[in-house]
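The structure appears below as structure tokens.
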Amino acid sequence: MSTEPYKNVSLLPQTNQLVGLYSIIRDKGTARPDFIFYSDRIIRLLVEEGLNHLPVEKKDVLTHTGENFDGVGFLGKICGVSIVRAGESMEQGLRDCCRSVRIGKILIQRDEETALPKLFYEKLPEDIADRYVFLLDPMLATGGSAIMATDVLIKRGVKPERIFFLNLICSKEGIDNYHAAFPEVRIVTGALDKGLNEQKYLVPGLGDFGDRYYCI
Amino acid sequence: MSSTAVEEYLSPPSSPNRTNHQKKRKTRRSSGNSMMSYDRRNPKYVPPWTTPYIIGVGGPSGSGKTSVASKIVSMINVPWTVLISLDNFYKPLTAEESERAFKSEYDFDEPAAIDLDLAYKCISSLKEGKKTDIPIYSFVNHNRVPGKTIPIYGASVVILEGIYGLYDEKLLNLMDIKIYVDADLDVCLARRLSRDIVSRGRDLHGCIDQWERFVKPNAVKYVKPTMKNADAIIPSMGENTIAVTLLVDHIKSRLDLKSEKHIMELNRLCEISSGHKYITFASNPKVIELEQTHQVKAILTMIVDKDCDRDSFVFFVDRFAMILLSKALDNVPVHKQESLTTASNYHIQNALRCNFDRITSVSLIRSGDCFMKSVRKTIPNITIGKLLIQSDSLTGEPQLHGEFLPKDIAKFQNLLVLQGQVITGTSTLMAIQVLLDYGVKLEHMTLVVFLATEIGLKRIINAFGNKIAIIVGKIIMNQDMKESHMKWASSRFIDTKYFGCK
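Protein sequence lines, in the order shown, are assigned to chains X and P.
For what it's worth, UniProt numbering labels the leading residue of the first sequence as 1, then goes sequentially.
For what it's worth, UniProt numbering labels the leading residue of the second sequence as 1, then goes sequentially.
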């Protein structure tokens with residue numbers, strides 16, 4: 001069962017298996033095929049955890065024996081929004097749980113002139129305001145780009161309490177920054193790192209997630 | 001000497017004999033209670049193969065033992081019948097003996113040529129229900145074929161056949177019935193001659209010489225006297241169908257009793273469990289039901305919905321499997337790595353590393369196969385064993401039809417036993433027993449199932465105690481089955497719909 005170390009933060013249960021999976025993807029010596037495979041496993045767990053926060057409604061069905069079964073059904077529409085490029089690595093995990101889910105994309109880059117994050121591109125479902133949104137970005141370090149992406153979502157009419165921000169690793173500093181802007185967004189994560197170094201990278205971290213997943 | 005090694009009945013589990021369906025026994029005999037003595041406080045699952053029915057067949061060379069034994073095999077028509085020839089137990093020869101053998105001067109027909117002690121070891125190991133390796137003898141090298149044996153496991157009936165089948169007292173004590181096949185020695189000689197010359201291309205002179213020097217004297221001196229050890233003496237020549245039929249009827253009635261006893265044991269495990277409070281789940285931390293989260297509940301609703309299309313059904317079963325497997329793997333064996341360097345060049349002291357390579361799995365065909373896709377997505381190169389256990393449609397008695405298990409299965413630290421549903425629990429009991437026989441410890445097993453009934457789970461726990469870990473998607477309690485219209489849980493539907501065949 002997940003824990004809530006801070007308000008609106010769900011941390012996956014720190015089982016031997018999960019901590020061991022993180023050891024694999026943090027390890028400098030892990031080659032890309034393993035990095036992808038084990039990252040995907042963690043992402044799957046994050047998505048399942050995120051989905052558990054969605055409401056359900058009562059749904060009665062008929063079993064093959066003709067009996068009534070008091071069940072529940074999924075309620076409300078969802079969509080994923082990934083922050084290009086690293087966040088796209090999490091799309092498959094979401095699709096593995098929700099087959100035909102719509103997925104929007106947001107590209108944020110550092111502006112050469114101002115050195116601040118700048119929104120370059122967004123493609124989102126028309127009716128995103130009516131949906132629950134899974135915001136996908138594997139690392140929450142300072143929270144700069146996640147805040148900008150969330151801002152885009154809110155401006156499109158998404159309610160903050162309907163946004164779930166899924167990441168593999170975050171830091172207290174990142175959570176505080178992000179929640180200072182959007183306290184009602186639930187962060188779903190699997191690891192809480194010690195903090196950030198001078199270059200604002202997570203410590204101990206795992207390097208550049210996007211590079212390791214896509215390129216190196 | 002016949003060169004028949006172990007007959008094809010001696011089934012590696014895949015042999016067609018094993019998958020033959022036995023004729024359904026139509027008459028059920030009521031049995032006296034004298035044979036059942038129970039320890040009420042310590043119930044145990046006793047699988048049918050712990051007491052195989054052992055038939056000894058002896059008689060002089062050429063008397064027709066093999067054909068009588070084959071007749072019995074085909075007439076009792078039980079899938080787990082194993083025919084073992086004593087020829088497999090010839091002693092390896094020394095160089096000097098071997099040389100004599102090539103000159104036809106070695107006496108293969110005296111009792112000392114056969115390793116009766118080894119035969120005793122093998123048969124008594126089978127009698128205890130253990131997996132047993134039968135040696136293979138090469139008549140070319142006059143030695144056991146090194147590194148090659150025929151493994152036998154789970155036999156219900158064992159027929160041991162050979163000229164000295166009824167010779168050794170220790171072996172005789174293991175047998176449930178002893179049959180001597182009798183024939184006049186002249187007839188035996190005639191049959192040997194035609195067999196050796198026509199089928200084996202030997203010359204007449206050599207054959208007669210061998211007969212005179214070894215076969216006949218030994219037959220008179222050692223074989224004939226074993227007739228007094230027999231329960232029945234069968235004539236070999238002419239029509240012996242009546243004699244064999246009488247024997248087979250007797251054997252069948254003993255087998256019926258055994259199967260009846262097996263079913264009674266299974267029922268008893270169930271009676272104790274329904275006699276409530278014998279074991280409760282709360283007192284057993286190793287039985288884990290998935291937390292009934294929104295997603296788990298919603299997935300379960302989709303799975304039980306009869307109108308859920310197969311596309312969605314397969315999808316949700318796969319998802320369910322993934323959740324269950326992740327849960328089961330929370331206790332993956334781990335070790336600590338003193339220092340781990342992350343890709344960002346930081347060091348983590350005593351980093352936890354998973355030993356996924358110490359996990360193996362066994363799927364119960366067919367329902368356990370619903371986990372296959374998810375197993376591969378969790379530990380891609382995991383070894384997967386398979387067990388095929390079917391219930392007799394008439395009696396409900398579970399029967400082991402085949403086992404294909406990873407090599408060195410007992411060396412793994414964690415064995416996932418995958419099954420779709422536990423309903424009566426009987427096939428699970430049998431599967432666990434098979435794994436125990438293969439040396440796997442109960443505390444290394446984790447049973448992973450989508451749905452389980454309370455009664456089935458309790459039966460397993462009553463039989464094996466609370467050492468085995470059990471991960472269940474949803475436990476259906478007895479009371480709910482009675483009061484809350486949950487009878488759907490007492491039929492096998494997950495694999496039927498998942499694979500789309502009845």
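Each residue gets a CB set at the ideal place from its N, CA and C atoms; glycine is no exception.
Is the segment 168-176 of chain P touching the segment 62-75 of chain P in the sense that three or more CB pairs, one from each, lie closer than 8 Å?
-> no
Using a threshold of 8 Å, state whether the C-beta atoms of P:S85 and P:A183 are closer than that.
-> Residue 85 of chain P sits at position 85 when you count from the first residue of the second sequence. Residue 183 of chain P sits at position 183 when you count from the first residue of the second sequence. Not in contact: P:S85 and P:A183 (Cβ atoms no closer than 8 Å).
Listing by chain order, which chain P residues have their CB less than 7 Å from the CB of X:M1?
-> Against the first sequence, residue 1 of chain X aligns to sequence position 1. Residues of chain P passing the Cβ test: E291.
Report back the beta-carbon spacing between X:R156 and X:K77 to the nearest angstrom; my notes put them in contact at under 8 Å.
-> Position 156 of the first sequence, counted from the first residue, corresponds to residue 156 of chain X. Position 77 of the first sequence, counted from the first residue, corresponds to residue 77 of chain X. That belief does not hold up - the Cβ atoms of X:R156 and X:K77 are roughly 14 Å apart, past 8 Å.
Are the beta-carbon atoms of P:A489 and P:I476 separated by less than 8 Å?
-> Stepping through the second sequence from its first residue, residue 489 of chain P is reached at position 489. Stepping through the second sequence from its first residue, residue 476 of chain P is reached at position 476. Yes, the Cβ-Cβ distance between P:A489 and P:I476 is below 8 Å.
How many Å lie between P:A431 and P:K130 at the Cα?
-> As a working note, residue 431 of chain P is residue 431 in the second sequence. As a working note, residue 130 of chain P is residue 130 in the second sequence. Going by the C-alpha atoms only, they are around 14 Å apart.
Min CB distance P:K170 to chain X below 8 Å = Reading the second sequence from its first residue, position 170 is the one you call residue 170 of chain P. For P:K170, the answer is no, since every Cβ of chain X falls outside 8 Å of its Cβ.
Minimum Cβ-Cβ distance from P:D307 to chain X less than 8 Å | Residue numbering aside, residue 307 of chain P sits at position 307 when the second sequence is read from its first letter. Cβ-Cβ to chain X under 8 Å: yes for P:D307.
Contact between the segment 423-442 of chain P and the segment 337-356 of chain P (3+ Cβ pairs under 8 Å) | no
What runs of the beta strand (DSSP E), each 3 residues or longer, lie entirely inside the segment 83-133 of chain X?
-> 102-110 and 117-123
Do X:L119 and X:I108 have their CB atoms nearer than 8 Å?
-> To locate residue 119 of chain X, count along the first sequence from 1; it is residue 119. To locate residue 108 of chain X, count along the first sequence from 1; it is residue 108. Yes. Within cutoff.
Does any CB atom of chain P fall closer than 8 Å to the CB of X:H64?
-> Within the first sequence, residue 64 of chain X is the residue found at index 64, counting from 1. With 8 Å as the cut-off, X:H64 counts as an interface residue toward chain P.
For P:E260, is the classification buried or exposed, using 16 other Cβ atoms within 10 angstroms of its Cβ as the cut-off for buried?
-> Reading the second sequence from its first residue, position 260 is the one you call residue 260 of chain P. With a threshold of 16 other beta carbon atoms within 10 Å, P:E260 meets it and is buried.
Could you tell me which of P:E454, P:L118, P:P92 and P:D117 sits nearest to P:F108, measuring between CA atoms?
-> As a first step, residue 108 of chain P must be located in the second sequence, where it is residue number 108. Looking at the Cα atoms, P:P92 is the closest of the given residues.
Are there 16 or more other CB atoms within 10 angstroms of the CB of P:N246, so buried, or fewer, so exposed?
-> Along the second sequence, read from residue 1 onward, the residue named residue 246 of chain P stands at position 246. First, the residue type needs correcting, since residue 246 of chain P is Leu and not Asn in the sequence shown. Per the 10 Å Cβ criterion, exposed.
Counting Cβ pairs closer than 8 Å, one from the segment 79-90 of chain X and one from the segment 60-71 of chain X, do we hit at least three?
-> No, the segment 79-90 of chain X is not in contact with the segment 60-71 of chain X.
Using a Cβ-Cβ distance under 8 Å, would X:K200 count as near chain P?
-> As a working mapping, residue 200 of chain X is identified with position 200 in the first sequence. No, no contact with chain P.
Top-ranked residue by Cα proximity to P:D209, from P:M227, P:L189 and P:S199 = Reading the second sequence from its first residue, position 209 is the one you call residue 209 of chain P. Closest option to P:D209, Cα to Cα, is P:L189.
For P:L204, which residues from the same chain have a beta carbon less than 8 Å from its beta carbon, with the 5 sequence-adjacent residues on both sides left out?
-> As a working mapping, residue 204 of chain P is identified with position 204 in the second sequence. Result list for P:L204: L193 and I197, in chain order.
Count the other CB atoms within 10 Å of the CB of P:V287; is the residue buried (16 or more) or exposed (fewer)?
-> If you number the second sequence from 1, residue 287 of chain P lands on position 287. Buried, by the Cβ-count rule.
In the segment 329-358 of chain P, which residues sit with their C-beta less than 9 Å from some C-beta in chain X, listed in chain order?
-> L329, D330, N331, V332, P333, V334, Q337, L340, T341, T342, A343, S344, N345, Y346, H347, I348, A351, L352, R353, C354, N355 and F356
Determine the direct distance from the alpha carbon of P:L451 to that of P:N478, and round the result to whole angstroms.
-> Position 478 of the second sequence, counted from the start, is the residue given in the question as residue 478 of chain P. Position 451 of the second sequence, counted from the start, is the residue given in the question as residue 451 of chain P. For P:N478 and P:L451, the distance between alpha carbons rounds to 13 Å.
Identify the continuous alpha helix (DSSP H) that holds X:K59 and give its terminal residues.
-> Residue 59 of chain X sits at position 59 when you count from the first residue of the first sequence. Note, X:K59: premise wrong, no alpha helix (DSSP H); beta strand (DSSP E) at V56 to L62.
From X:M1 to X:L12, what distance separates their C-alpha atoms?
-> For the purposes of this step, residue 1 of chain X is taken as the residue at position 1 of the first sequence. For the purposes of this step, residue 12 of chain X is taken as the residue at position 12 of the first sequence. Near 7 Å, if we compare the C-alpha coordinates of X:L12 and X:M1.
Do you know offhand how far P:P333's Cα is from P:L290's?
-> If you number the second sequence from 1, residue 333 of chain P lands on position 333. If you number the second sequence from 1, residue 290 of chain P lands on position 290. Pairing P:P333 with P:L290, the inter-Cα distance amounts to about 21 Å.
CA-to-CA distance, P:L118 to P:P111, given in whole angstroms | Residue 111 of chain P sits at position 111 when you count from the first residue of the second sequence. Residue 118 of chain P sits at position 118 when you count from the first residue of the second sequence. Cα to Cα, the separation comes out at about 13 Å.
Among residues of its own chain, excluding the 5 on either side of P:S491, which ones have a beta-carbon nearer than 6 Å to its beta-carbon?
-> Numbered from 1 along the second sequence, position 491 holds the residue referred to as residue 491 of chain P. Nothing listed; no residue qualifies.
When we look at the beta-carbon of X:G50 and count the other beta-carbons within 10 Å, is it buried (16 or more) or exposed?
-> Position 50 of the first sequence, counted from the start, is the residue given in the question as residue 50 of chain X. Under this definition X:G50 is a buried residue.
Check whether the segment 44-52 of chain P touches the segment 156-169 of chain P, taking contact to mean three or more Cβ pairs, one atom from each stretch, closer than 8 Å.
-> Yes, they touch.
Consult DSSP for P:A452 and reduce its assignment to one of helix, strand or coil.
-> What you label residue 452 of chain P is simply residue 452 of the second sequence in a count that begins at 1. In this structure, P:A452 counts as strand in the three-state DSSP scheme.
Residue nearest to P:V449 in terms of C-alpha spacing, selected from P:C354, P:I382, P:L300 and P:V434 | In the second sequence, residue 449 of chain P corresponds to position 449, counting from 1. For P:V449, the nearest C-alpha among the options comes from P:L300.
Presumed contact (8 Å Cβ cut-off) between X:R102 and X:C79, rounded CB distance | Indexing the first sequence from 1 puts residue 102 of chain X at position 102. Indexing the first sequence from 1 puts residue 79 of chain X at position 79. Right, their Cβ atoms sit about 4 Å apart.
Spell out a yes or no on whether the segment 297-311 of chain P and the segment 432-442 of chain P are touching, meaning 3 or more CB-CB pairs, one atom from each, closer than 8 Å.
-> no
Spell out whether any CB of chain X is found under 8 Å from the CB atom of P:H250.
-> Looking up residue 250 of chain P in the second sequence gives position 250. Taking Cβ atoms only, chain X never reaches closer than 8 Å to P:H250, which makes this a no.
Under 9 Å by beta carbon: chain X residues contacting P:K502 | Along the second sequence, read from residue 1 onward, the residue named residue 502 of chain P stands at position 502. The contact set of P:K502 on chain X, defined by CB atoms closer than 9 Å, is empty, because the minimum CB distance reaches about 13 Å.
Beta strand (DSSP E) runs contained entirely in the segment 292-329 of chain P, provided each spans 3 or more residues = Counting only runs of at least 3 residues, the segment 292-329 of chain P fully encloses no beta strand (DSSP E) element at all.
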